Amino acid sequence: MSAPVYLVDDDAAVRDALSLLLSTVGIDARAFPGPEDFLLALPRLDPGCLILDIRMPAISGLKLQERLNARGLTWPTVVISGHGDIEACRKAFRNGAIDFLSKPVDEQDLIDAIQRGQAALDRAAAADAARRETMALIGGLTPREREVLSLVARGFATRDIAGALDVSPRTVESHRAAIGAKLGTTSPAEMTRLWIEAESAP
Numbered sequence: 001m002s003a004p005v006y007l008v009d010d011d012a013a014v015r016d017a018l019s020l021l022l023s024t025v026g027i028d029a030r031a032f033p034g035p036e037d038f039l040l041a042l043p044r045l046d047p048g049c050l051i052l053d054i055r056m057p058a059i060s061g062l063k064l065q066e067r068l069n070a071r072g073l074t075w076p077t078v079v080i081s082g083h084g085d086i087e088a089c090r091k092a093f094r095n096g097a098i099d100f101l102s103k104p105v106d107e108q109d110l111i112d113a114i115q116r117g118q119a120a121l122d123r124a125a126a127a128d129a130a131r132r133e134t135m136a137l138i139g140g141l142t143p144r145e146r147e148v149l150s151l152v153a154r155g156f157a158t159r160d161i162a163g164a165l166d167v168s169p170r171t172v173e174s175h176r177a178a179i180g181a182k183l184g185t186t187s188p189a190e191m192t193r194l195w196i197e198a199e200s201a202p
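The structure is reproduced here in structure tokens:
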């Protein structure tokens, strides 16, 4: 299922029109009358694409972008404006917007931008799932197997690993076989990739 879309605009007519447009092409959209309402709902929302009006009372679309960035939340964002402000456009892109559209919004441009954002979220979700799988695989190793794997990742040959750990080469080969069975690969290059990915995970 594609990521949802969250529309934040204080103009009810715009919210209704864009919500209807998105529903006609099968995009799940949820509208909010202002940034405050969106921020209150945020903890319960799944990752999605944002459509933000640039000028709203109290908190502008740009300010909302900045607040979300400060929280480390960088969902794909389309900023819409009825004023064509070039400086605002620059700020929106500096804040990470994927598109800046002027009102009245071209329907196809908006749909295209949302689909790009959804594709980016899908890629991020797939990468996150792969990282979690890698962490689970590495987490299934014994402490000694992790030591052996760390040396494999540093380019050590079996004899070098045996010397570093003060064990026999046969023992190292036994550990490498167990690691290969748990990780699903006996390739040193693939083992190294998994180890580096696990070590670099936040």
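Residue numbers for the sequence shown follow the UniProt record's numbering, so the first one is 1 and each next one is one higher. Using N, Cα and C, we set each Cβ at its ideal position, and we do this for glycine too. No experiment lies behind these values; they were computed from the predicted model shown.
I'd like to check one pair, leucine 68 with valine 8: are the Cβ atoms closer than 8 Å?
No; because the gap between Cβ atoms is not below 8 Å, this pair is not in contact.
Taking the DSSP output, what are the residues bridged to arginine 30?
Arginine 30 pairs with Tyr6.
Given 8 Å, three or more beta-carbon pairs between the stretch 110-127 and the stretch 62-78
Touching, yes.
Determine the closest residue to lysine 63 out of Arg30, Ala97, Ala41, with distance taken between C-alpha atoms.
Nearest Cα to lysine 63 within the set Arg30, Ala97, Ala41: Ala97.
Within its chain, find whatever has a CB closer than 7 Å to the CB of serine 19; leave out the 5 residues flanking it on each side and keep chain order.
Excluding sequence neighbours, serine 19 sits near Leu7, Ala29, Ala31.
Given this structure, state the Cα-to-Cα distance separating isoleucine 161 from valine 172, to the nearest angstrom.
When the Cα atoms are used, isoleucine 161 and valine 172 turn out to be separated by approximately 7 Å.
Among Lys103, Ser60, Leu194, which one has its Cα closest to the Cα of arginine 132?
Distance check between arginine 132 and each of Lys103, Ser60, Leu194 places Leu194 closest, using alpha-carbon atoms only.
Taking leucine 64 as part of the alpha helix (DSSP H), name the residues at either end of that continuous run.
In this chain, the alpha helix (DSSP H) harbouring leucine 64 covers 61-70.
Going by C-alpha to C-alpha distance, which of Gly61, Ser23, Met191 sits closest to leucine 137?
Comparing C-alpha distances from leucine 137 to each of Gly61, Ser23, Met191 shows the shortest one belongs to Met191.
Please report the residue range of the beta strand (DSSP E) in which valine 148 lies.
Careful: valine 148 lies outside any beta strand (DSSP E), inside the alpha helix (DSSP H) at 143-153.
Thinking just about the alpha-carbon of each residue, which of Arg146, Cys89, Val105 is nearest to the one in leucine 183?
Put simply, of Arg146, Cys89, Val105 the residue whose alpha carbon is nearest the alpha carbon of leucine 183 is Arg146.
Are the Cβ atoms of cysteine 49 and alanine 92 separated by less than 8 Å?
No, the Cβ-Cβ distance between cysteine 49 and alanine 92 is not below 8 Å.
Would you give the residue range spanned by the beta strand (DSSP E) that aspartate 166 belongs to?
No beta strand (DSSP E) contains aspartate 166, which DSSP labels as neither H nor E.
Pick helix, strand or coil for aspartate 99, following the three-state DSSP scheme.
DSSP places aspartate 99 in strand when its eight states are reduced to three.
Quick one: what does DSSP say serine 81 is sitting in, helix, strand or coil?
Strand at serine 81.
Just to confirm before moving on: does the CB-CB distance between alanine 113 and aspartate 99 stay below 8 Å?
Contact flag set, yes.
What are the residues that DSSP puts in a beta bridge with leucine 50?
Its beta-bridge partners are Tyr6, Thr77.
Are isoleucine 111 and valine 25 closer than 8 Å when you measure CB to CB?
The Cβ atoms of isoleucine 111 and valine 25 sit closer than 8 Å to each other.
Just how far apart, CA to CA, sit proline 35 and methionine 56?
The straight-line gap from Cα to Cα measures roughly 8 Å.
Do you know how far the Cα of glycine 82 is from the Cα of threonine 185?
When rounded, the distance between both Cα atoms is 56 Å.
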